[in-house]
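Just so you know, we're using my numbering here: the sequence shown kicks off at 9 and counts up by one.
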Amino acid sequence: MKIFVINCGSSSIKYQLIDTENRETLCKGLVERIGAVTSIVKQEFKGEKPIKKTIALDNHAAALKTIMELLIAADNDYLHSLDEIEAVGHRVVHGGETFKDSVLIDEDVEEAIQAAFDIAPLHNPPNLQGIRAAKKHLPNVPHVAVFDTAFHHSIPQHAFLYGIPNRLYRRYKIRRYGFHGTSHYYVSRQYYKESGKSKDGTKIITCHLGNGGSITAIKDGLSIDTSMGFTPLEGLVMGTRSGDIDPSIMFYLIEKEELSLANVHALLNKHSGLLGLSGYAGDMRDLLEEAENGDRRCQEAIDVFCYRAKKYIGAYIAAMNGVDAIIFTGGIGENSSKIRELILKDMQYAGVKIDADRNATRGNTVISTNDSNVEVMVIPTNEELVIAIDSAKIALASKQTPWA
Ligand code: AMP
Numbered sequence: 009m010k011i012f013v014i015n016c017g018s019s020s021i022k023y024q025l026i027d028t029e030n031r032e033t034l035c036k037g038l039v040e041r042i043g044a045v046t047s048i049v050k051q052e053f054k055g056e057k058p059i060k061k062t063i064a065l066d067n068h069a070a071a072l073k074t075i076m077e078l079l080i081a082a083d084n085d086y087l088h089s090l091d092e093i094e095a096v097g098h099r100v101v102h103g104g105e106t107f108k109d110s111v112l113i114d115e116d117v118e119e120a121i122q123a124a125f126d127i128a129p130l131h132n133p134p135n136l137q138g139i140r141a142a143k144k145h146l147p148n149v150p151h152v153a154v155f156d157t158a159f160h161h162s163i164p165q166h167a168f169l170y171g172i173p174n175r176l177y178r179r180y181k182i183r184r185y186g187f188h189g190t191s192h193y194y195v196s197r198q199y200y201k202e203s204g205k206s207k208d209g210t211k212i213i214t215c216h217l218g219n220g221g222s223i224t225a226i227k228d229g230l231s232i233d234t235s236m237g238f239t240p241l242e243g244l245v246m247g248t249r250s251g252d253i254d255p256s257i258m259f260y261l262i263e264k265e266e267l268s269l270a271n272v273h274a275l276l277n278k279h280s281g282l283l284g285l286s287g288y289a290g291d292m293r294d295l296l297e298e299a300e301n302g303d304r305r306c307q308e309a310i311d312v313f314c315y316r317a318k319k320y321i322g323a324y325i326a327a328m329n330g331v332d333a334i335i336f337t338g339g340i341g342e343n344s345s346k347i348r349e350l351i352l353k354d355m356q357y358a359g360v361k362i363d364a365d366r367n368a369t370r371g372n373t374v375i376s377t378n379d380s381n382v383e384v385m386v387i388p389t390n391e392e393l394v395i396a397i398d399s400a401k402i403a404l405a406s407k408q409t410p411w412a
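Quick look at the structure:
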């Protein structure tokens, strides 16, 4: 089936056209700076020259209209009419406690996504805007929501409750949800496939290290704990997000620097993490380069990043009473042998042994030695493929059982 996958951010839309039969991406595109004076659209059909356009796009609806026009106008062997698109898959960041799986989008689902605006103010509003705009342009096909939180629904209560009054969980659903679920799910399934290991009885730790980052403990195929929490702010040190901090720091700063709530929000989400620590950049490539040139603060930022990741891996080895495999993915996890080396050094206690030559190899590969107790792998993620496959399944089922 040809499935159109959409990932709407506050000022961007990423999209892919995927053929689920052979798991092939037929077209990839990105619209950036929606709402700015000029927006940029980039699109590339498989085997064709990429195209780039600069155009004024006021909102997501206007951006999707342009995307639809570009899809049809482009020279390609794969899509000649929008009628060939059989379903649309939408990435939705927060499904709250309601959505344990992907779902066909109807009015009730839209309302539930809206109900989670409070707990995901940066993500769910643009996700819903994208859904509504896409439904206008492709009104006759099923639209499916695939949630970042869904894979983490198996996390048990002792791992999802915070140590705050239980009433706050009951009243406001304040708990750990976890994110990057489609990525953790995808790389764990690839691991079972590539290693020949069964889900049952296997303990894996998946490290999604990108601009945002999270680590998940997976036992018997199920997420049992993850580093992101109520929002994607908790856990690892990220590009511009702080990850774990002592909440009292905020009370102290609010008093000392007379910060507003909005200031605190921006401080922790946009000005912290690698960017805040280094005072230079939130992008790992830039930091590695400057650290190599002797910049002390860039090196410190890298050290804090790697130490935090190592601590989470250690915590999850303890939580699962061991680990069979550690998987790296995401822009940093897939591409930086240096960061993988720093995170994994001194883990003899767990029987982790890394082969330096294998670690230096690019792409999908095992990087541990043959006699390592723990298999360590790099597996490139493919969240869009998970969204496309789920959407195809749900679209097919909805045709067969229209009253479901
Ligand atoms: P993502 O959010 O998954 O696209 O990942 C973005 C992050 O990956 C940024 O911090 C990039 O600097 C980092 N990244 C991409 N390629 C490399 C590389 N070759 N070495 C180190 N970091 C990289």
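Each residue gets a CB set at the ideal place from its N, CA and C atoms; glycine is no exception.
Which residues end up in the neighbourhood of the ligand AMP when you take C-beta atoms closer than 6 angstroms to any of its heavy atoms? So the residues near the ligand AMP by this Cβ test are 218, 219, 247, 291, 292, 293, 296, 338, 339, 340, 343, 344.
Assuming contact is defined by CB atoms lying nearer than 8 angstroms, are residue 232 and residue 327 in contact in what I supplied? Residue mapping note: residue 232 aligns to position 224 of the sequence shown, counting from 1. Residue mapping note: residue 327 aligns to position 319 of the sequence shown, counting from 1. Inclusion of residue 232 and residue 327 in the CB contact set at 8 angstroms is warranted, their separation being smaller than that value.
Using a Cβ-Cβ cut-off of 7 angstroms (strictly less than) and excluding sequence neighbours within five positions of residue 299, which residues of its own chain qualify? The residue you call residue 299 lines up with position 291 of the sequence shown. The residues are 306, 307, 310.
Three-pair Cβ contact test at 8 angstroms for the stretch 134–144 versus the stretch 64–77: Yes: at least three Cβ pairs fall under 8 angstroms.
Residue range of the alpha helix (DSSP H) that includes residue 234: In the sequence shown, residue 234 corresponds to position 226, counting from 1. Not the alpha helix (DSSP H): residue 234 falls in the beta strand (DSSP E), residues 230–234.
If you follow the alpha helix (DSSP H) that residue 313 is part of, which residue opens it and which one closes it? As a position in the sequence shown, residue 313 is number 305, starting the count at 1. From DSSP, the alpha helix (DSSP H) with residue 313 extends over 304–328.
Using the three-state DSSP reduction, which class does residue 244 fall into: helix, strand or coil? Within the sequence shown, numbered from 1, the residue matching residue 244 stands at position 236. Residue 244 falls in the coil class under three-state DSSP.
Near residue 252, what residues of its chain come up, given a Cβ to Cβ distance below 7 angstroms and the 5 sequence neighbours on each side ignored? For the purposes of this step, residue 252 is identified with residue 244 of the sequence shown, where counting begins at 1. Counting only Cβ-Cβ distances below 7 angstroms, and skipping sequence neighbours, we find 242, 243.
Just how far apart, CA to CA, sit residue 343 and residue 281? Here residue 343 is taken as the residue at index 335 of the sequence shown, counted from 1. Here residue 281 is taken as the residue at index 273 of the sequence shown, counted from 1. Cα to Cα, the separation comes out at about 19 angstroms.
Quick one, are the C-beta atoms of residue 163 and residue 189 less than 8 angstroms apart? As a position in the sequence shown, residue 163 is number 155, starting the count at 1. As a position in the sequence shown, residue 189 is number 181, starting the count at 1. Residue 189 is positioned such that its CB atom lies no closer than 8 angstroms to that of residue 163.
Identify whether residue 301 lies in helix, strand or coil by the three-state DSSP scheme. Numbered from its first residue, the sequence shown carries residue 301 at position 293. Of the three classes helix, strand and coil, the one that applies to residue 301 here is coil, per DSSP.
Taking the beta carbon of residue 199 as the centre, do at least 16 other beta carbons fall within 10 Å, making it buried, or is it exposed? Looking up residue 199 in the sequence shown gives position 191. Residue 199 counts as buried, since at least 16 other C-beta atoms from the protein chains shown sit within 10 angstroms of its C-beta.
Helix, strand or coil for residue 32? Go by DSSP, reduced to three states. Here the question's residue 32 lines up with position 24 in the sequence shown. It is a strand residue.
When you compare only the Cα positions, how much space is there between residue 390 and residue 191? On the sequence shown, position 382 is the one that residue 390 refers to. On the sequence shown, position 183 is the one that residue 191 refers to. In this structure, the CA atom of residue 390 is about 7 angstroms from the CA atom of residue 191.
Span of the alpha helix (DSSP H) around residue 200: Taking the first residue of the sequence shown as 1, we reach residue 200 at position 192. It spans 189–203 - the alpha helix (DSSP H) in which residue 200 sits, taken as one unbroken run.
Compare the Cα-Cα distances from residue 62 to each of 51, 47, 55 and report the closest residue. Translated into the one-based positions of the sequence shown, residue 62 becomes position 54. Taking only the C-alpha atoms, the option nearest residue 62 is 47.
Which whole-angstrom value describes the C-beta separation of residue 13 and residue 21, a residue pair presumed to lie in contact below a C-beta threshold of 8 angstroms? What you label residue 13 is simply residue 5 of the sequence shown in a count that begins at 1. What you label residue 21 is simply residue 13 of the sequence shown in a count that begins at 1. Contact annotation, residue 13 with residue 21: C-beta distance approximately 11 angstroms; criterion of less than 8 angstroms not satisfied.
Thinking just about the alpha-carbon of each residue, which of 177, 394, 296 is nearest to the one in residue 347? As a working note, residue 347 is residue 339 in the sequence shown. In terms of Cα proximity to residue 347, the closest of 177, 394, 296 is 296.
Contact set for residue 206: own chain, Cβ-Cβ below 8 angstroms, skip 5 residues either direction: Residue numbering aside, residue 206 sits at position 198 when the sequence shown is read from its first letter. The beta carbon of residue 206 sits closer than 8 angstroms to those of 200, all from its chain and outside the five residues before and after it, given in chain order.
Going by other Cβ atoms of all chains shown within 10 Å of its Cβ, with 16 needed for buried, is residue 259 buried or exposed? Position 251 of the sequence shown, counted from the start, is the residue given in the question as residue 259. Answer is exposed; the Cβ neighbour count stays below 16.
My understanding is that residue 93 touches residue 10, with C-beta atoms under 8 angstroms, so please give their C-beta distance in whole angstroms. Position 85 of the sequence shown, counted from the start, is the residue given in the question as residue 93. Position 2 of the sequence shown, counted from the start, is the residue given in the question as residue 10. Approximately 6 angstroms separates the beta-carbon atoms of residue 93 and residue 10; this is inside 8 angstroms, confirming the contact.
If you run the structure through DSSP and keep just helix, strand and coil, what is residue 217? By 1-based counting over the sequence shown, the position of residue 217 is 209. Here residue 217 sits in strand by DSSP.
Going by other Cβ atoms of all chains shown within 10 Å of its Cβ, with 16 needed for buried, is residue 393 buried or exposed? Reading the sequence shown from its first residue, position 385 is the one you call residue 393. Burial is judged here by how many other beta carbons sit within 10 angstroms of a residue's own beta carbon; residue 393 has at least 16 and is buried.
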